[in-house]
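Just add 17 to the spot in the sequence shown (first one is 1) and you have my numbering.
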Amino acid sequence: MPQPNAKRDNKLADDARLLRAWKKFHAEEKAAVLAGPYNATLVELFRMFSAIEHVTPAQLVGFVGAIDWGSVDYQTRVVTLHELNAAITRYRERRGLEPISDPLPNEPNSPFRTIKAILFPPNGAPTGAQPGSNTETPVK
Numbered sequence: 018m019p020q021p022n023a024k025r026d027n028k029l030a031d032d033a034r035l036l037r038a039w040k041k042f043h044a045e046e047k048a049a050v051l052a053g054p055y056n057a058t059l060v061e062l063f064r065m066f067s068a069i070e071h072v073t074p075a076q077l078v079g080f081v082g083a084i085d086w087g088s089v090d091y092q093t094r095v096v097t098l099h100e101l102n103a104a105i106t107r108y109r110e111r112r113g114l115e116p117i118s119d120p121l122p123n124e125p126n127s128p129f130r131t132i133k134a135i136l137f138p139p140n141g142a143p144t145g146a147q148p149g150s151n152t153e154t155p156v157k
């Protein structure tokens, strides 16, 4: 039977390996998106994400809203949303805040949710889906 410390060390090493693989995957996805047909627009948008502390939410929402996302492929929009989420999370954590802070019902949407709705409009959702809902079948 392995020692408890060895089991814990193996789990930590496995978790570290998975995290490296996950980060490499997302770096490759980002590089592919930036090498694609939307390069000029996305380079500027990702630059805004990297300097998010100097960009007002209104500027970010306005810039994203000015892009014709209907002509942008799904994977590019997913990568863009992921990069925005990562930027906002880093920004909040550096300031000692909770990484995610979604508004309560009947409160105005956060800039993240507003941008998510721009990238993935609710009218493009499957029939019966609601914005922010989980479309998977619940486990009983």
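For each residue, glycine too, the CB sits at the ideal point set by N, CA and C.
Can you tell me whether residue i is buried or exposed? The criterion is at least 16 other CB atoms within 10 Å of its CB, across all chains shown.
{"i": "Val81", "result": "buried"}
{"i": "Lys28", "result": "exposed"}
{"i": "Glu100", "result": "buried"}
{"i": "Pro128", "result": "buried"}
{"i": "Tyr55", "result": "buried"}
{"i": "Thr93", "result": "buried"}
{"i": "Thr73", "result": "exposed"}
{"i": "Val174", "result": "Residue numbering for the chain in the displayed model covers 18 to 157; residue 174 lies beyond these limits and cannot be assessed."}
Using a Cβ-Cβ cutoff of less than 7 Å, which residues in the same chain neighbour residue i once the five nearest sequence positions on both sides are dropped?
{"i": "Trp86", "result": "Arg94, Ile135 and Leu136"}
Since residue i and residue j are thought to touch, with beta carbons under 8 Å apart, how far apart are those beta carbons, to the nearest angstrom?
{"i": "Val96", "j": "Ile132", "result": "The Cβ separation is near 13 Å, so there is no contact."}
Cutting at 6 Å between CB atoms, please list the residues of its own chain near residue i, excluding the five before and the five after it.
{"i": "Asp119", "result": "none"}
- Query: Okay, do the region 54–74 and the region 104–112 touch, 3+ Cβ pairs below 8 Å being the bar?
  - Reply: yes
Jot down the residue ranges of each uninterrupted alpha helix (DSSP H) in the region 40–125, minimum 4 residues, whole runs only, in chain order. 56–67, 74–82 and 91–111
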